[in-house]
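For the sequence shown, the working numbering assigns the number -17 to the initial residue and increments by one for each residue that follows.
A short write-up of the structure that comes next.
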Amino acid sequence: MRFGTKAIHAGVEPDPTTGAIMTPIYQTSTYVQAAPGDHKGYEYSRTHNPTRTALQNALAALENGRHGLCFATGMASIDAICKLLKPGDEVVSTNDLYGGTYRLFTKIFEGFGLKFKFVDMGDLRNVEAAITPNTKLIWAETPTNPLLKIIDIAGLAAIAKKQGCLLGVDNTFASPYLQNPLDLGADIIMHSVTKYLGGHSDVVMGALVVKDDALAERLAFIQNSSGATPGPQDCFLVLRGLKTLHLRMQRHCENGAVIADFLSKHPKVDRVYWPGLPAHPNHTVARAQMRGFGGMISFTLKGDRMEDATRVLSSTKLFSLAESLGGVESLLGHPASMTHASIPREERLRNGLADTLIRLSVGVEDAEDLVADLAQALG
Ligand SMILES: *Cc1c(COP(=O)(O)O)cnc(C)c1O
């Protein structure tokens, strides 16, 4: 089955009791047993819930995996991965990492004896140099936030294989429509379902997808034991969102291309970060491992004055100033004062996060209207 057909049909069966084409919201905590242990595969909704099962199967199919596991939030799903590890184990991670993941690693799991190394994965020799016999996990995010760097997943997989450690990839920015890390050799895919998978800015959720049965069993044990599972109502909303994932992503990519082109030619814009631009430093890797380049774009203004950025950020009418991404509506944000404000200014600048850097999550509105909105705001 091709992607669009899977997005609509995978994991979803007509309801066995009524034939309802949409998976019902099984709003129940428990399930009646005919005799002790004689049940229909469902005992308690922390462990299993039919609406969640349908969603987990759909996500597994979209990522070409065998097992999907849903969590209350994206962070809860990364938390579950960390719980595969034990004190003394080491993780090699990207340095251009989602802020919440950096906080979870350094503020929570370092306290439980895990060690984290943050390296520039643009050059895989940095990853090899950071590996020790204690390395148990390589953790990557690609495209990265907010500079849209692209990391070579197959290259990382080769290193992980040689070391005998797991490779986990946060696939939130790409979505399974653009990239399938399991096919490139990753062991675990993580999604903030909140973003493109849900797609409508109305749910917070996370998910993992794996191929390996034993790994899935260990993660399901953690999922049930720690208990950060999503409710059936949210699972229903994401099942509904998935049905248009391919249509939305197609439009995100088309609009992304139009806006990246517009920004590249604008006299007030200095740099544009979008992996679809031939001038992007990782464009070749992006073309090799992605099927499109998505709707996440960052850019800086000439002159590097923070107040110029602030003026643009408060002048748009269609692009709303807000955290998050991946919804149908266009958003914009200012990493220096929003998502990355906790990083000291010198370090931010060293990592390429200028004061005038603006990040766009380009939605699925009409491109002409989005361009007109940016044109008036830059004007
Ligand atoms: C939002 C996000 C997360 C965290 O997910 P939540 O659903 O907000 O808990 C992790 N990684 C990336 C890349 C994200 O954008």
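The C-beta atom is built at its ideal place from N, Cα and C for all residues, glycine as well.
- Its Cα nearest to that of A58, the residue F87 stands out among F94, A36 and F87.
- In the structure shown, the three-state DSSP call for S280 is strand.
- Exposure of Y26 is indicated by the presence of fewer than 16 other C-beta atoms within 10 angstroms of its C-beta.
- Comparing C-alpha distances from P69 to each of S319, A189, I90 and D102 shows the shortest one belongs to I90.
- The beta carbon of P317 sits closer than 7 angstroms to the beta carbons of P128, L335, L339 and R341 from its chain, once the five residues preceding and following it are set aside; these are given in chain order.
- P6 and A291 have their C-alpha atoms some 46 angstroms from each other.
- In the DSSP assignment, the residues bridged to Y26 are T12.
- Following the DSSP letters along the chain, one finds M172 inside the beta strand (DSSP E) bounded by residues I170 to S174.
- Short note on L307: C-beta closer than 7 angstroms to some heavy atom of ligand 1.
- Checking the 7 angstroms criterion, the Cβ of T176 is within range of a heavy atom belonging to ligand 1.
- Straight-line measurement puts the Cα of L96 at about 36 angstroms from the Cα of T282.
- Q358 counts as exposed, since fewer than 16 other C-beta atoms from the protein chains shown sit within 10 angstroms of its C-beta.
- If you compare the alpha carbons of G167, R28, F203 and G1 with that of G137, the shortest gap goes to G167.
- Pairing G223 with G258 gives a Cβ-Cβ distance that is not under 8 angstroms.
- Taking a cut-off of 8 angstroms on C-beta distances, the segment 191 to 200 does not touch the segment 323 to 331, as fewer than three cross pairs fall below it.
- For L313, the enclosing beta strand (DSSP E) stretches over residues L313 to G315.
- Of the other Cβ atoms in all chains shown, 16 or more fall within 10 Å of the Cβ of F155; this residue is therefore buried.
- The alpha-carbon of I135 is positioned some 16 angstroms away from that of F275.
- The C-beta separation of D152 from N333 comes to about 18 angstroms, leaving the pair out of contact by the 8 angstroms criterion.
- Nearest C-alpha to K65 among S75, Q205 and V175: Q205.
- With a contact defined as Cβ atoms closer than 8 angstroms, I279 and G309 miss out at about 15 angstroms.
- Between M172 and the set D184, K144, S183 and L201, the nearest pair of CA atoms involves L201.
- Per DSSP, the continuous alpha helix (DSSP H) segment holding V267 begins and ends at H265 to Q271.
- For K143, the three-state secondary structure derived from DSSP is helix.
- At the C-beta level, V191 and G50 come within 8 angstroms of one another.
- Taking 7 angstroms as the cut-off, the C-beta of V186 counts as close to a heavy atom of ligand 1.
- Closest in C-alpha terms to Y84, from the list N264, A122, G188 and F218, comes A122.
- Counting only the Cα atoms, F218 lies some 14 angstroms from T10.
- A distance of 8 angstroms or more separates the beta carbons of K225 and D252.
- In the structure shown, the three-state DSSP call for Y159 is helix.
- Counting only runs of 4 or more residues that sit fully inside the segment 177 to 265, the alpha helix (DSSP H) segments are 195 to 208, 214 to 224 and 227 to 247, in chain order.
- For G56, the shortest C-beta to heavy atom distance toward ligand 1 is below 7 angstroms.
- Judged by the Cβ position, F155 qualifies as a neighbour of ligand 1 at the 7 angstroms threshold, a heavy atom of the ligand being closer than this.
- Note that the C-beta distance between T76 and F100 is below 8 angstroms.
- CA-CA distance, T176 to A16, rounds to 38 angstroms.
- If you check the C-beta of Y255 against ligand 1, you find no heavy atom less than 7 angstroms away.
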